[in-house]
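Enquirer: Below is the structure I would like to discuss, written out as structure tokens.
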Amino acid sequence: MYKEILLTSTDMYMNPNKPIIFKAEQLDWEKLEAVGIRRKELEKDGNLDLLLQGAETGVTTLNLKTPVFSLTMDATLKLEVEPNGRPVIGINGIRPTEE
């Protein structure tokens with residue numbers, strides 16, 4: 498069972514008045530798809546707009562895959578800017594509660 502997350506910040510929901518500060522083209526979708534983060538899924542649930550606004554997404558299930566591991570987890574995503582100015586996706590895992 499997972500912790501209940503209370504979303505009280507207006508940034509957690511798409512705000513049409515909040516400017517888009519990132520462009521989808523700035524992200525390396527080929528590499529993100531290779532590890533299981535899919536643009537179509539982010540678009541479908543409204544999380545892509547949140548990312549591009551610089552906001553944290555709602556909780557989403559990620560299926561991350563690399564040649565050496567496979568990981569399924571619930572998490573929120575947020576774009577972070579590397580020192581070279583390139584945006585990368587930060588992943589904030591949601592801890593399950595103990596029963």
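The numbering of the sequence shown is the numbering used here, which starts it at 498 and goes up by one. C-beta: ideal position from N, C-alpha, C; glycine also. These numbers come from a predicted model, not from an experiment.
With respect to the alpha helix (DSSP H) encompassing E579, which residues constitute its N-terminal and C-terminal limits?
Expert: If you number the sequence shown from 1, residue 579 lands on position 82. Unbroken run through E579: none, as it is neither H nor E.
Enquirer: By DSSP's criteria, N589 is part of a beta bridge. Which residues make up the other side?
Expert: For the purposes of this step, residue 589 is taken as the residue at position 92 of the sequence shown. Partner(s): T573.
Enquirer: Closer than 6 Å by C-beta to L545: which residues in its own chain qualify, once you throw out the five before and the five after it? Chain order, please.
Expert: Counting from 1 along the sequence shown, the entry for residue 545 is found at position 48. Same-chain partners within the cutoff: L539.
Enquirer: In three-state DSSP terms, what is L548?
Expert: The residue you call residue 548 lines up with position 51 of the sequence shown. L548: helix per DSSP, three-state reduction.
Enquirer: Taking G587 and M570 to be in contact with their CB atoms under 8 Å, please state how far apart those CB atoms are, rounded to whole angstroms.
Expert: For the purposes of this step, residue 587 is identified with residue 90 of the sequence shown, where counting begins at 1. For the purposes of this step, residue 570 is identified with residue 73 of the sequence shown, where counting begins at 1. About 14 Å separates the two Cβ atoms, so there is no contact after all.
Enquirer: Can you tell me whether L524 is helix, strand or coil according to DSSP?
Expert: Residue numbering aside, residue 524 sits at position 27 when the sequence shown is read from its first letter. The answer is coil: DSSP assigns L524 none of H, G, I, E or B.
Enquirer: Does the beta-carbon of T558 have 16 or more other beta-carbons within 10 angstroms, so that it is buried, or is it exposed?
Expert: As a working mapping, residue 558 is identified with position 61 in the sequence shown. That one is exposed.
Enquirer: Determine the burial state of E577: buried for a count of at least 16 other Cβ atoms within 10 Å of its Cβ, exposed for fewer.
Expert: In the sequence shown, counting from the first residue as 1, residue 577 sits at position 80. It counts as exposed.
Enquirer: Is A531 buried or exposed, if buried means 16 or more other CB atoms sit within 10 Å of its CB?
Expert: As a working mapping, residue 531 is identified with position 34 in the sequence shown. Answer is exposed; the Cβ neighbour count stays below 16.
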